[in-house]
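Undergrad: Got a structure for you, written out below as structure tokens; questions coming shortly.
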Amino acid sequence: MTAPAIEPRVRAPIGMLAELTHRCPLQCPYCSNPLELERVAGELPTQVWLDVLAQAAELGVLHLHLSGGEPTVRQDLEAIVAQAAKVGLYSNLITAAVTLTRERLDRLAAAGLDHVQISIQDAAPDNADRIAHYRGGHAKKLEAARWVREIGLPLTINAPIHRQNIASLPAIIELAVSLGARRLEVAHVQYYGWALRNRQALMPTRQQVLTSAQLVERARERLRGVLTIDFVVPDYYASRPKPCMGGWGRGSLNITPSGKVLPCHAAETIPGLVFENVRDRSLREIWLGSEAFNRFRGTGWMPEPCRSCAFREVDWGGCRCQALAFAGDAGLTDPACAKSPLHAEFAAVAGREAAQEPPPLVFRNPRAATAS
Amino acid sequence: MSEAQSPGRVVIGPASKPALPRGVKMRHDATRDRWTILAPERVFEPDAIAVAVLQLCDGVRSVEVIAAELANTYNAPRERILADIVTMLQGLADKGVVVA
Numbered sequence: 385m386t387a388p389a390i391e392p393r394v395r396a397p398i399g400m401l402a403e404l405t406h407r408c409p410l411q412c413p414y415c416s417n418p419l420e421l422e423r424v425a426g427e428l429p430t431q432v433w434l435d436v437l438a439q440a441a442e443l444g445v446l447h448l449h450l451s452g453g454e455p456t457v458r459q460d461l462e463a464i465v466a467q468a469a470k471v472g473l474y475s476n477l478i479t480a481a482v483t484l485t486r487e488r489l490d491r492l493a494a495a496g497l498d499h500v501q502i503s504i505q506d507a508a509p510d511n512a513d514r515i516a517h518y519r520g521g522h523a524k525k526l527e528a529a530r531w532v533r534e535i536g537l538p539l540t541i542n543a544p545i546h547r548q549n550i551a552s553l554p555a556i557i558e559l560a561v562s563l564g565a566r567r568l569e570v571a572h573v574q575y576y577g578w579a580l581r582n583r584q585a586l587m588p589t590r591q592q593v594l595t596s597a598q599l600v601e602r603a604r605e606r607l608r609g610v611l612t613i614d615f616v617v618p619d620y621y622a623s624r625p626k627p628c629m630g631g632w633g634r635g636s637l638n639i640t641p642s643g644k645v646l647p648c649h650a651a652e653t654i655p656g657l658v659f660e661n662v663r664d665r666s667l668r669e670i671w672l673g674s675e676a677f678n679r680f681r682g683t684g685w686m687p688e689p690c691r692s693c694a695f696r697e698v699d700w701g702g703c704r705c706q707a708l709a710f711a712g713d714a715g716l717t718d719p720a721c722a723k724s725p726l727h728a729e730f731a732a733v734a735g736r737e738a739a740q741e742p743p744p745l746v747f748r749n750p751r752a753a754t755a756s
Numbered sequence: 091m092s093e094a095q096s097p098g099r100v101v102i103g104p105a106s107k108p109a110l111p112r113g114v115k116m117r118h119d120a121t122r123d124r125w126t127i128l129a130p131e132r133v134f135e136p137d138a139i140a141v142a143v144l145q146l147c148d149g150v151r152s153v154e155v156i157a158a159e160l161a162n163t164y165n166a167p168r169e170r171i172l173a174d175i176v177t178m179l180q181g182l183a184d185k186g187v188v189v190a
């Protein structure tokens, strides 16, 4: 039997995703929130968030991502941003932007907000509004993006990509440039939670993915120094898994609206893991000592073929939630890896679904979550 | 590498007056005892030379002036330093870390 691998020293986290609420005016069918959305009554009060931010800075977090749901539905967002600035966290507002006003943005900027990321669903307004299930949303996003630039804050456009908008990729790139964004995330949808439920409707073909990669490569060259493009591929067509979250419990943590601390936003799908709450324990204790963070940290938990793989500290075993969703056990090899016995089937599912007529989208809302 | 100019690309030369744009912050990270540059979705770890250069990038000093100051401080040839920091700052400008 192989000796257990030596655990690397636990490092301080760099990034923290604060999901301030699961409330959102949009209903995107690939939302990264869990199917079971947390309710407003369970959301952390302002004072707890302020304390958590101070703890995070103390622990070594550098980047704070204020997300949701839609973080701007929290009326205390200004206070949270001000606290981030006070304790030295770089604040990034991840917003759908449809409910933002110019006045609100001015207040957030004055409170010390560092960066704004606005999601778009397509470059074509009608299709964008259809996917977000929110009429008039796209036009509002563009208006908000222009305010961000007028105020002088840096802007990132985030574009989740799937078969129902992939043909618009060139137009999406041009839109990001015209809005004055310095960064664009061309993020192929990752199939967990809501997106997994809608996989048949969203999965692109292998050829579409390859074409999108080529388009991005050409745009990067053409737009060097103007627009940085981050490209996230769907790993169903990959042969090596993605280093999900940069490794479990290695550099990132996520706090849910009710205060649960997760290694990634889909981790709650894994049965048997207990996620501790910032109301009960300090962030430091949870990061260093909680069973959920230590369960898949480092390489000691790995089965073969991961344990002896040369890439074990490159991809950190890929994604545990995907292993669970596809292989039925979060402790198994990520099926995105060519060394997984399930890899051929994994890629075949994607190809099969992408070749079929897409079924109707299941939009993200509490009603759809409970429907079978 | 093609040197074709993209419209809107910041081009660094001896007369440029570089600065960190809004949304980019260089600070000392006490937890890790090192300098970091915080930018949208990015954390850069500048080496000692980059830190020395960026600390002089105030939007007032030109690259030429910065090179002269560093040449003086480090007792190194000014032309060589100028060439090196133009290259370094262009790389940082292309990453959005520096404007001029």
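Those protein sequences? They're chains A and B, same order as listed. One gets my numbering by counting positions in the first sequence from 1 and adding 384 to each. One gets my numbering by counting positions in the second sequence from 1 and adding 90 to each. Don't be surprised by glycine CBs; every beta carbon is placed ideally from N, CA and C.
1. Whole angstroms is fine: what's the gap from P509(A)'s alpha carbon to S562(A)'s?
2. Count the other C-beta atoms from every protein chain shown that fall within 10 angstroms of the C-beta of R583(A), then say buried if there are 16 or more, exposed otherwise.
3. Just tell me which of L404(A), R748(A), A753(A) has its CA closest to the CA of H517(A).
4. Look up S552(A) in the DSSP assignment and say whether it is helix, strand or coil.
5. Mind checking who I613(A) pairs with in its DSSP beta bridge?
6. Once DSSP output is grouped into helix, strand and coil, what is the label at G186(B)?
7. Got a sec? Which residues, its chain only, sit under 7 angstroms from P625(A) by beta carbon, not counting five neighbours each side?
8. Determine the direct distance from the alpha carbon of V188(B) to that of L182(B), and round the result to whole angstroms.
9. Enumerate in chain order the residues of its own chain whose CB-to-CB distance from V505(A) is below 6 angstroms, with the five nearest sequence positions on each side excluded.
10. Around the C-beta of Q740(A), are 16 or more other C-beta atoms found within 10 angstroms, so that it is buried, or is it exposed?
11. Rounded C-beta distance between L497(A) and T126(B)? I'm assuming under 8 angstroms.
12. Can you tell me the Cβ-Cβ gap for V436(A) and V658(A), rounded? I've got them flagged as a contact below 8 angstroms.
13. Would you say R170(B) faces chain A, with C-beta separation under 7 angstroms as the test?
14. Just to confirm, is the Cβ distance from V465(A) to S451(A) under 7 angstroms?
15. According to the neighbour-count rule (16 or more other Cβ atoms, all chains shown, within 10 Å of its Cβ), is L428(A) buried or exposed?
16. Whole angstroms is fine: what's the gap from V176(B)'s alpha carbon to P104(B)'s?
17. According to the Cβ coordinates, are H649(A) and V616(A) closer than 7 angstroms?
18. With distance defined between alpha-carbon atoms, name the residue in G444(A), A676(A), W531(A), A440(A) nearest to D123(B).
19. Have a look at A469(A), I502(A), T483(A) and flag the residue whose alpha-carbon is nearest the alpha-carbon of P493(A).
20. Pick out whichever of G673(A), Q439(A), V570(A), E688(A) has its Cα sitting closest to the Cα of P647(A).
21. From V645(A) to L611(A), what distance separates their C-alpha atoms?
22. For T121(B), which three-state DSSP category applies?
23. Check the Cβ-Cβ distances between P130(B) and every residue of chain A, and say whether any is below 7 angstroms.
24. Can the beta-carbon of G453(A) be found closer than 7 angstroms to that of T483(A)?
25. Helix or strand or just coil, what does DSSP make of A387(A)?
26. Could you tell me whether any Cβ in chain B is nearer than 7 angstroms to the Cβ of T405(A)?
27. So with CB distances below 9 angstroms, who are the chain B contacts of L537(A)?
28. With which residues is T640(A) paired in a DSSP beta bridge?
29. Hey, out of I171(B), Q180(B), T121(B), whose CA is closest to A158(B)'s CA?
30. Which residues in chain B have a C-beta closer than 9 angstroms to the C-beta of D460(A)? List them in chain order.
31. Buried or exposed: which applies to E737(A), given that a residue is buried once 16 or more other Cβ atoms fall within 10 Å of its Cβ?
32. For L586(A), which of V746(A), V457(A), R751(A) has the nearest alpha-carbon?
33. Does the CB of G181(B) have a neighbour CB from chain A at under 7 angstroms?
34. One question on the structure: do Q467(A) and L419(A) come within less than 7 angstroms of each other, judged by their Cβ atoms?
35. Would you kindly check if the distance between the Cβ of L421(A) and the Cβ of P750(A) is under 7 angstroms?
36. Considering only the beta carbon of each residue, do S106(B) and V155(B) sit closer than 7 angstroms?
TA: With the given structure in hand:
1. 15 angstroms
2. buried
3. Ranking the options by Cα distance to H517(A), first place goes to R748(A).
4. helix
5. L568(A)
6. coil
7. Around P625(A): D619, D699, G702, C703, D718, A720, C721.
8. 6 angstroms
9. In the sequence under discussion, the amino acid at residue 505(A) is Gln, which differs from the Val named in the question. Within the same chain, Q505(A) has close Cβ partners A512, I515, A516.
10. exposed
11. At roughly 19 angstroms, the Cβ-Cβ gap does not stay under 8 angstroms, so L497(A) and T126(B) are not in contact.
12. Actually they do not touch by this definition, with Cβ atoms about 19 angstroms apart.
13. no
14. no
15. buried
16. 7 angstroms
17. no
18. G444(A)
19. In the sequence on display, residue 493(A) carries Ala and not Pro. Among A469(A), I502(A), T483(A), the Cα nearest to that of A493(A) is on A469(A).
20. G673(A)
21. 34 angstroms
22. Coil.
23. yes
24. No, they are not a contact pair.
25. Its pLDDT being 45, under 50, A387(A) is placed unreliably by the model, and nothing is read from it.
26. no
27. R112, G113
28. According to DSSP, which records beta bridges pairwise, T640(A) is partnered with nothing at all.
29. I171(B)
30. Within chain B, no residue comes near D460(A); the closest Cβ sits about 23 angstroms away, beyond 9 angstroms.
31. E737(A) should be labelled buried.
32. V746(A)
33. no
34. no
35. yes
36. The Cβ atoms of S106(B) and V155(B) do not sit closer than 7 angstroms to each other.
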